[in-house]
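Novice: Taking this note's numbering, I'd label the letters of the sequence shown as residues 535 to 670.
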Amino acid sequence: MPTTTATTTPAATATTSAVTWVLAAAFTLSAVHTGYAAVTGIEDPTFTVTTPAAWLFYAVGFGSVWLARRQEAWAQIGVLAYLVVLLAISVFYYPTTFTVEKQTVFGWFENDVYVGLLMIATYLTAGRVRSSLSVR
Numbered sequence: 535m536p537t538t539t540a541t542t543t544p545a546a547t548a549t550t551s552a553v554t555w556v557l558a559a560a561f562t563l564s565a566v567h568t569g570y571a572a573v574t575g576i577e578d579p580t581f582t583v584t585t586p587a588a589w590l591f592y593a594v595g596f597g598s599v600w601l602a603r604r605q606e607a608w609a610q611i612g613v614l615a616y617l618v619v620l621l622a623i624s625v626f627y628y629p630t631t632f633t634v635e636k637q638t639v640f641g642w643f644e645n646d647v648y649v650g651l652l653m654i655a656t657y658l659t660a661g662r663v664r665s666s667l668s669v670r
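(1) Using the DSSP secondary-structure output, state which residues sit across from F677 in a beta bridge.
(2) Applying the criterion that 16 or more other CB atoms from any shown protein chain within 10 Å of the CB defines a buried residue, is Y627 buried or exposed?
(3) With 16 as the cutoff for other CB atoms within 10 Å, does Q610 come out buried or exposed?
(4) If you draw a straight line from the alpha carbon of W608 to that of F596, how long is it in whole angstroms?
(5) Beta carbon of L557, beta carbon of S598: below 8 Å?
(6) Out of T582, Y616, V639 and T633, which one is the CA nearest neighbour of A572?
(7) Note the first and the last residue of the continuous alpha helix (DSSP H) segment covering P629.
(8) The alpha helix (DSSP H) spanning V618 covers which residue range?
(9) Take the Cβ of T633 as the centre, count every other Cβ of all protein chains shown within 10 Å, and call the residue buried at 16 or more, exposed below.
(10) Return the bridge partner residues of F581 from the DSSP annotation.
(11) So, with DSSP's three-state summary, where would you put A662?
Rendered as C-alpha cells:
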C-alpha cells in the first residue's frame, strides 16, 4: 500500500519565515533609502552611508533577521525587545529628524512602510514568544 507524506509547513515554521522576510524587507528598504538620501544630498549628517552608526545599525538589523530564524525563546524575546526599541525610536525620535528637505515621496514611502513592517514583525514575534512560553 503506497504511503504519502504531507508537505504542509508547521505554523511555527511559517511564522518564522514570515518574520525573517518582513525584517529583511524592512532593513533592505531602509538601506536603499539611506543610499538614496546620500545620492540626492538629503541625508542626515549623523547617519550616512559613511558613518559607523549606519553600518552598525544595519549590521544589527540584518543580525536580527538571522536571530529571528532561531526557535529558542531567548532569541525570540531578544528580537521582540529589539523591535520594541526600534518602534519607540521610529515614533518618538525619527519624526524630529525628518525635516522638510527629507520629505520626498520616497522618504514618506520608506518611513511609513518601514514602520509598518516593524509593526508586523513585532506582532508576529509577540505571538511566537507567547506560544513558546505557553508550551513550557
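C-beta atoms are modelled at their ideal positions from N, C-alpha and C, and glycine is treated no differently. Please read these numbers as outputs of a predicted model, since none were measured by experiment.
Specialist: Looking at the coordinates:
(1) No information on residue 677 is available, as it lies outside the stretch 535 to 670 that the chain covers here.
(2) exposed
(3) buried
(4) 18 Å
(5) yes
(6) T582
(7) Y628 to T631
(8) A607 to A622
(9) exposed
(10) D578
(11) Reading the sequence as shown, one finds Arg at residue 662 and not Ala. In this structure, R662 counts as helix in the three-state DSSP scheme.
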